[in-house]
Each structure stands twice: as C-alpha cells, then as structure tokens.
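Structure first, commentary second.
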Amino acid sequence: MIIGIPKEKKDQEARVGLTPKWVKKLTGQGHTVYIEKGLALLAGIGDQEYIDAGAEILPTTQDIYLKSDMIVKLKDYMPSERDLPFKEGQIIVCFFHLGEVEPDQPMLDKLLASKVTGVSLELIRTDTGARPIIMPMSEIAGRVAVMCACHHCMLSAGGAGISLAAISGTRKPKILILGGGTCGYAAADVALGLHADVTVFESQYSRINQLQGLIPEAHLLLWSSDECAERLKDCDVLINTIYPYPGMEYPLVTREMVRTMKKNSLIVDLVGCDIIETVKYTTITDPTYVEEGVVHFGIDNLPALVPQTSSELFASSIYPYVEAIANKGIKKACEDSKELFRSMSFVGGTLVHKDIADTHNMDYTPFDTEML
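First residue of the sequence shown: 1, per full-length UniProt numbering; consecutive thereafter.
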C-alpha cells in the first residue's frame, strides 16, 4: 500500500502521524511511505531520518494526497484544507473530531463528496469503552495544562501574579477541574504535586470512587451547578477537560458564573468551546484573551507543545491499526477488529457513524464491511 504522511496545518501543530521508527516497519514489509518535506522538523526529526527508514520525500501536501492510498495524520482538518485533492476510496486515518465539537459542515460535505473512507481515531473504543488513542493524548494535555497555567498566572503573562506552587506561610492556590477522566486526573495529579488545593467535579460516582484511591488529597465532588458556582468565586484557576456531546445540555459554566470569579483569575479550556460560555478557541501563537475580567486560555492541541513526547506516543498507539489496514486492506482489518469497525465514519460518500450524524443533524447508514 502507498501511505502518505502530510504536515499538519493547525497553528504550530508539531506532532506527526508516524515517526521514523514506525515508518521503517512499514517499508520493511514492502509498503511505500511518502512524507511531506520538513514533516517533523518542529519535533526534532529531520527528513534524513525518514529517508533512512525507507520513506520518500515529496515537496507538497497536494503531492502526498495525489500519490497515496492511505493518509495518516493527526489533527482534524482546518478550513484551509478543504480544497485538498482527496481521491475516491482513499483511506484517511486521523482525529476528525466531527462528532464531538462544533460542527464543520463544509469539511464534512467535502469528505462525503470526495467519497473517501474515514477512520476517526477518537472513535476507536475497546469492548470496555476505553479510548486507547485518545487516552495518551489526554494525559499529556492534562499535565501540560497545569504547566501552562503556572505561566499564565504570573504577572508578566497577564495573570493575577500568583504562584500555583504552594508557598509556605501563604494561602494555597485553588484549582478547580471539570471532569475526572484521564485528562482531568492528569491535571489534578500535577496540581497536587505543586501542593495546590484541588477540586475535581465528576458526573459519575463510580469514577469518583476510583479517583479516591488515586488522588485522595483532592476534593472529589459529584457535579452540581450550584456547588460549582460557589467554588468558582474563590478559585484561582478553572480547568475544563469535558467535551460536549450530542444531546448534552451546555454551557455548564455560564457567563454569570464567570463574572463572579476573581479579577485576573485564569480559565484553561482544553476543548475550546461550549462547556464554558465565555470560552472561544485560541492558538499557541495567540493563547489568551480577557473577558469578564478573567484570563481565558482556549488551546485544544496542547500536546503540540511537547511534540517529541507526544509524537512517539501517538505513533506507537496508532501503528497496530495502520499496519492492519496496510497489510490486510480496510475491509479485512475492520472484520478482524471491532475497534476499527467502531471508528468508521464515512465510506464512499455515505455517513456511517451515529455521533457524527447527530452532531450535524444528518441521516446515516450504520456501517457494514460490505460497504467497502
């Protein structure tokens, strides 16, 4: 199979689909791998490392799409990518995020019209419901979120001028976290390492029980809008790790609630939309803005700040699926893997995943391998 790895177009997105270690495995099995020139320079990986792994270099993103049977990338598509030369039957493996965040109807329309086959990495689930591709990126995002919060609470960065690391003889900084999943737990773990006062709101009692054994020093609370509103008044940092989903009632944190927060306190939102009413997407280049007297940080690709760590972890997570598709073909790979089967999003111009259909208010046909 001919596999292409293009550069990401999101602002300062330095992660890559596959690192040379995994490319070498594919070329060693007889597959052709093309990478875009300069693919991983921001992650500290030169083109020569890919060449040594058996890859060939192409000069442009367009060349990658024109020559490849399968595209392996990481982030969802940006508006600037809607005119890429997608090909009918081309397999695209990436985080599409078409069923979790604000609908990108023009991009979905283009993908359907192009009759590509979409494998959504965020929709890969095990039989237990775990998301093996999302989880490692979520852990990185949660840990990096607290590191970023430390910086943006400083006066020089426009913050209130407090230290998120507790200092003897002073009041402990208060950090409020929405969501106790992988990302929320990781954020709480780092914040507790700074000896901050940490509160985690979680909607599932069973998860709170699990967290009690992992982070017993944290205040672990079942979600309550009234309780959250009260605690927001005195918190220094609010971190959101919850994604909206079809049918969910949001925002969870209203503008009125934000208005009661302390001046120059900080909101860090890893999703960038919907859960907190005053939050909008920001970028690594321009990360913050002030609204209602509160500093807002809305970057949704924080693992891009540590690409050497996150690229290798991402590549090792997705490689088994990529290899299965390359060696068996997409139909047999889906027949053999329920996880891949669950991730199929569109095939031959047909939308085949309920979450994406619900988000975009569209009809869908449940996926069947006979469609391939």
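Positions of the beta carbon are idealized from the N, C-alpha and C atoms, including for glycine. None of these values were measured; they are calculated from a predicted model.
Neighbour-count burial assignment, residue i, 16 or more Cβ in a 10 Å radius
| i | result |
| --- | --- |
| I167 | exposed |
| G213 | exposed |
| V146 | buried |
| T117 | buried |
| E13 | buried |
| K338 | exposed |
| L252 | buried |
| A165 | exposed |
| L18 | buried |
| T61 | buried |
Beta-carbon spacing of residue i, residue j below 9 angstroms
| i | j | result |
| --- | --- | --- |
| A324 | L340 | yes |
| P20 | K37 | no |
| A55 | V23 | yes |
| S120 | C183 | no |
| A196 | K263 | no |
| I239 | I175 | yes |
| T359 | L112 | no |
| I215 | L194 | no |
| E88 | K115 | yes |
| K280 | M261 | no |
| N301 | K75 | yes |
| residue 381 | H152 | Because the chain in this structure spans residues 1 to 372, residue 381 falls outside the shown range and cannot be described. |
| L211 | A188 | yes |
| A149 | A186 | no |
| I57 | D47 | yes |
Backbone secondary structure at residue i - three-state DSSP
| i | result |
| --- | --- |
| P95 | Reading off the sequence, residue 95 comes out as Phe, not Pro. It is coil, neither helix nor strand. |
| G180 | coil |
| E174 | According to the sequence displayed, residue 174 carries Lys and not Glu. Three-state result, K174: strand. |
| S343 | helix |
| S224 | coil |
| L238 | strand |
| V306 | coil |
| E230 | helix |
| D269 | strand |
| E370 | helix |
| F314 | helix |
| L39 | coil |
| V23 | helix |
| H353 | coil |
| I276 | strand |
| Y319 | helix |
| V16 | coil |
| T288 | strand |
Rounded straight-line distance, which links the Cα of residue j to that of residue i
| i | j | result |
| --- | --- | --- |
| P85 | K9 | 15 angstroms |
| I276 | I242 | 10 angstroms |
| Y364 | I71 | 24 angstroms |
| V33 | L270 | 33 angstroms |
| I45 | D52 | 12 angstroms |
| P307 | S203 | 32 angstroms |
| I124 | K25 | 22 angstroms |
| A333 | L372 | 11 angstroms |
| D336 | I64 | 28 angstroms |
| E312 | C94 | 15 angstroms |
| I162 | P366 | 52 angstroms |
| A130 | V352 | 21 angstroms |
| S316 | S310 | 10 angstroms |
| P287 | V237 | 16 angstroms |
| V347 | I318 | 20 angstroms |
| M248 | L39 | 38 angstroms |
| V144 | P136 | 12 angstroms |
| S206 | P303 | 28 angstroms |
| E217 | T350 | 49 angstroms |
Start and end residues, beta strand (DSSP E) containing residue i
| i | result |
| --- | --- |
| M70 | 70 to 72 |
| Y34 | 32 to 36 |
| T199 | 197 to 202 |
| G4 | 2 to 5 |
| E56 | 56 to 58 |
Endpoints, the alpha helix (DSSP H) within which residue i is located
| i | result |
| --- | --- |
| E256 | 255 to 259 |
| D52 | 47 to 52 |
| G118 | No alpha helix (DSSP H) holds G118; the beta strand (DSSP E) holding it covers 117 to 120. |
| Y65 | 61 to 67 |
| I134 | 134 to 152 |
| E335 | 330 to 336 |
| Y205 | 205 to 214 |
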